[in-house]
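Under this note's numbering, the first residue of the sequence shown is numbered 1365, with each subsequent residue one higher. Even glycine gets a Cβ: it sits at the ideal position worked out from N, Cα and C. Here the structure is a predicted model, which means the values were calculated and not measured. One structure is given below, encoded as structure tokens.
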Amino acid sequence: MHGNPMPDSYVYVTEEGVTRHYADGSVEALAWEDVVEVRVVTESGEDVLYILLDRDGEGCVVPRSATDATFLARLRYLPDFDLERLTLAADSTQDGVVVVWRSPDPPSALPDLEYD
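What follows is the structure in structure tokens.
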């Protein structure tokens, strides 16, 4: 059979939240109302990752390649979300992790996470 290879994951964005289904059957999901922080991870030669976290540091990893206008439009509903800050972080040529948004009422501290 010819055609496009199976992607390693699918991302679904709804009014309720965001869900990522991996090829191995695992799922990450987070309701928008539970999002307290948005991070952008950049690494040379890799896809930019958007990390959505809840109060416990759990969340959903969303590759930029899997996003569309729906995802970006939904982020705008987060209080005082700055889409320009997100774009600048995602377009950075420096490797690193940038917190681009934090809830006005965040938890005391979220853990540093390792990304594969």
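Task: Endpoints, the alpha helix (DSSP H) within which L1450 is located - done: For the purposes of this step, residue 1450 is identified with residue 86 of the sequence shown, where counting begins at 1. L1447 to A1454 is the extent of the alpha helix (DSSP H) around L1450.
Task: Contact with chain D by V1400, beta-carbon distance below 8 Å - done: Absence of chain D from the displayed structure is noted, only one protein chain being present.
- [ ] Taking 8 Å as the threshold, find out whether the segment 1381-1391 comes into contact with the segment 1447-1465 through three or more Cβ pairs.
- [x] no
Open item on the list: Contact between the segment 1386-1394 and the segment 1438-1445 is defined here as three or more beta-carbon pairs at a separation below 8 Å; is this criterion met?
Closed with: no
Open item on the list: Give me the residue from D1398, Y1376, A1433 and E1407 with the minimum Cα distance to D1418.
Closed with: Numbered from its first residue, the sequence shown carries residue 1418 at position 54. Nearest of D1398, Y1376, A1433 and E1407 to D1418, Cα basis: D1398.
Task: Given V1377 as reference, the closest of G1423, T1431, V1402 and E1407 once Cα atoms are compared - done: Here the question's residue 1377 lines up with position 13 in the sequence shown. Cα-wise, what sits closest to V1377 is T1431.
Task: CB of V1402 within 8 Å of CB of L1416, strictly - done: Numbered from 1 along the sequence shown, position 38 holds the residue referred to as residue 1402. Numbered from 1 along the sequence shown, position 52 holds the residue referred to as residue 1416. Contact flag set, yes.
Task: Helix, strand or coil at R1440 according to DSSP, with G and I counted as helix - done: The sequence position of residue 1440 within the sequence shown is 76, counting from 1. Here R1440 sits in coil by DSSP.
Open item on the list: Based on DSSP bridge pairs, tell me the residues matched to T1406.
Closed with: Taking the sequence shown and counting its residues from 1, one reaches residue 1406 at position 42. G1460, per the DSSP bridge assignment.
Open item on the list: Looking at the secondary structure, which residues open and close the beta strand (DSSP E) in which E1392 lies?
Closed with: For this step, residue 1392 is matched to residue 28 along the sequence shown. That run of the beta strand (DSSP E) goes V1391 to A1395.
Open item on the list: Going by the DSSP bridge assignment, what does T1383 pair with across the sheet?
Closed with: The residue labelled residue 1383 in the question sits at position 19 within the sequence shown. T1383 is bridged to Y1376 and A1393.
Open item on the list: Quick check on R1466: does DSSP put it in helix, strand or coil?
Closed with: Here residue 1466 refers to the residue found at position 102 when the sequence shown is read from its first residue. Note: R1466 maps to strand in three-state DSSP.
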